[in-house]
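In the numbering used here, the protein residues as written are 7 to 369.
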């Protein structure tokens, strides 16, 4: 995240625990603070009322206001800023048995790096271990392996799965659909080579945050269209799914909550070849023609996220097509909150939710 150490200096570490926020929708039932409210497939749990922004999230927003508007800068400069602000690697790697980086073919015949995180549990059991292919966020323009290194360590430790983080090609150097093709290529490579690093090719999931969640969803569409690889589960953290900024949440949350409409336009202008790409299903999985038969999904959204409505809409679309879906909306927080897990209780809670979902998803 571009805030990096600036956010850390203002957030100052963990605040006191707050009550778990959010609502969970499993099979059309929203679970909220211990009570159940029946919801139709298009009900928005945030439509009629909004929780105040929680205190920890307010500190992150304060840090962001100090950074200012970044859309006038070039991607290379923002990447360098992101690199300079990424917390040092190391401490969280103590939670996993091994981390190694290798190069694999990208979809264009070149090479891309992946980073493989092996949990201690896998070494202890010495048996084929499920594999999670993780795709970082960053609007298809920013992001890196280092940015999500700590998160991937947390996921490996908490789930007991091997995590493979993918350094897919970025725009504007590589326009749509380069990143999507690389996501599918990475999943296919993992399926073909999992046994070589202790993984189980019969138990593979894809996951990602923001643009990475978009790529995870699209990798599942490509796998369906192309006859593989077999993907058992998809985990989508505040995904972009419709290619347009036409939802109520994009208007309501489009300014002042970390991800702005202006920033989304900046990302799109760098990633897309033409306006027509906005309605391509490999950019906008919501418009895909047939969602039946796709892998079971966990979809996580945030109340103050411009992408809230399209994340919820995709969960509804999958459910309507007969795909098992677990849905959770975290109240009082913003886009990217999982990436701030060092400072946000809800970020840590969401990581726990993902790990629990993975443990139950493939036995």
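Every residue, glycine too, gets a C-beta built ideally from N, C-alpha and C.
Out of curiosity, what's the CA-to-CA distance linking residue i and residue j?
| i | j | result |
| --- | --- | --- |
| residue 295 | residue 287 | 8 Å |
| residue 368 | residue 341 | 28 Å |
| residue 33 | residue 302 | Because residue 33 sits at a pLDDT of 40, beneath the cut-off of 50, its placement in the model cannot be relied upon, and the following sentence gives the value as read from the coordinates. Approximately 12 Å between the Cα atoms of the pair. |
| residue 237 | residue 76 | 37 Å |
| residue 275 | residue 79 | 13 Å |
| residue 189 | residue 65 | 33 Å |
| residue 83 | residue 222 | 27 Å |
| residue 250 | residue 316 | 9 Å |
| residue 282 | residue 324 | 24 Å |
| residue 144 | residue 220 | 11 Å |
| residue 355 | residue 232 | 35 Å |
| residue 89 | residue 345 | 15 Å |
| residue 116 | residue 183 | 15 Å |
| residue 158 | residue 169 | 6 Å |
| residue 306 | residue 202 | 32 Å |
| residue 284 | residue 290 | 7 Å |
| residue 180 | residue 149 | 14 Å |
| residue 241 | residue 55 | 27 Å |
| residue 253 | residue 360 | 26 Å |
| residue 52 | residue 108 | Unreliable positioning characterises residue 52 in this predicted model, as indicated by a pLDDT of 44, which lies under 50. The coordinate reading is nonetheless provided below. If you take the alpha carbons of residue 52 and residue 108, they lie about 43 Å apart. |
| residue 174 | residue 112 | 8 Å |
| residue 330 | residue 255 | 25 Å |
| residue 127 | residue 154 | 21 Å |
| residue 246 | residue 212 | 15 Å |
| residue 268 | residue 343 | 19 Å |
| residue 100 | residue 204 | 19 Å |
| residue 105 | residue 362 | 22 Å |
| residue 224 | residue 103 | 31 Å |
| residue 85 | residue 366 | 37 Å |
| residue 272 | residue 261 | 14 Å |
| residue 352 | residue 218 | 20 Å |
| residue 270 | residue 114 | 26 Å |
| residue 87 | residue 187 | 27 Å |
| residue 59 | residue 81 | 30 Å |
| residue 48 | residue 61 | Since pLDDT at residue 48 reaches only 35, below the 50 mark, its modelled position is unreliable, and the value read off the structure follows with that caveat. Spanning the two alpha carbons is a distance of roughly 30 Å. |
| residue 234 | residue 164 | 28 Å |
| residue 134 | residue 257 | 46 Å |
Quick one: give me the first and last residue of the alpha helix (DSSP H) that residue i is part of.
| i | result |
| --- | --- |
| residue 59 | That residue, residue 59, is in no alpha helix (DSSP H); it is neither H nor E in DSSP. |
| residue 225 | 217-232 |
| residue 357 | 351-367 |
| residue 81 | 81-91 |
| residue 257 | 254-258 |
On the premise that residue j lies in contact with residue i, defined as a C-beta separation below 8 Å, what is that separation, rounded to the nearest angstrom?
| i | j | result |
| --- | --- | --- |
| residue 98 | residue 156 | 4 Å |
| residue 139 | residue 196 | 6 Å |
| residue 280 | residue 327 | That belief does not hold up - the Cβ atoms of residue 280 and residue 327 are roughly 29 Å apart, past 8 Å. |
| residue 350 | residue 92 | Rounded, the Cβ-Cβ distance is 17 Å, inconsistent with contact. |
| residue 300 | residue 239 | Going by Cβ atoms, the distance from residue 300 to residue 239 rounds to 10 Å, so no, they are not a contact pair. |
| residue 259 | residue 314 | 7 Å |
| residue 312 | residue 209 | Incorrect: roughly 34 Å between the Cβ atoms, too far for contact. |
Could you give the first and the last residue of the continuous beta strand (DSSP E) run that contains residue i?
| i | result |
| --- | --- |
| residue 121 | 117-125 |
| residue 106 | 102-111 |
| residue 240 | 239-243 |
| residue 136 | 135-141 |
Does the distance from the C-beta atom of residue i to that of residue j stay below 8 Å?
| i | j | result |
| --- | --- | --- |
| residue 147 | residue 277 | yes |
| residue 177 | residue 125 | no |
| residue 214 | residue 141 | yes |
| residue 347 | residue 308 | no |
| residue 198 | residue 206 | no |
| residue 319 | residue 248 | yes |
| residue 122 | residue 110 | no |
| residue 406 | residue 70 | Any question about residue 406 goes unanswered here, given that the chain covers just 7 to 369. |
| residue 193 | residue 229 | yes |
| residue 160 | residue 357 | yes |
| residue 321 | residue 310 | no |
| residue 244 | residue 216 | yes |
| residue 57 | residue 338 | yes |
| residue 152 | residue 95 | yes |
Using 8 Å as the limit for Cβ to Cβ distance, is residue i near chain C?
| i | result |
| --- | --- |
| residue 56 | Absent from the structure: chain C. Only one protein chain is present. |
* Asked: For the region 260-330, which segments carrying the alpha helix (DSSP H) assignment without a break, of at least 4 residues, lie completely within its bounds, in sequence order?
  -> Along the length of the region 260-330, whole alpha helix (DSSP H) runs at least 4 residues long occupy 267-277 and 314-326, reported in chain order.
* Could you pull out every unbroken alpha helix (DSSP H) segment of at least 4 residues lying fully inside the region 150-204, listed in chain order? => Fully enclosed alpha helix (DSSP H) runs of no fewer than 4 residues occupy 155-165 and 184-199 of the region 150-204, in order along the chain.
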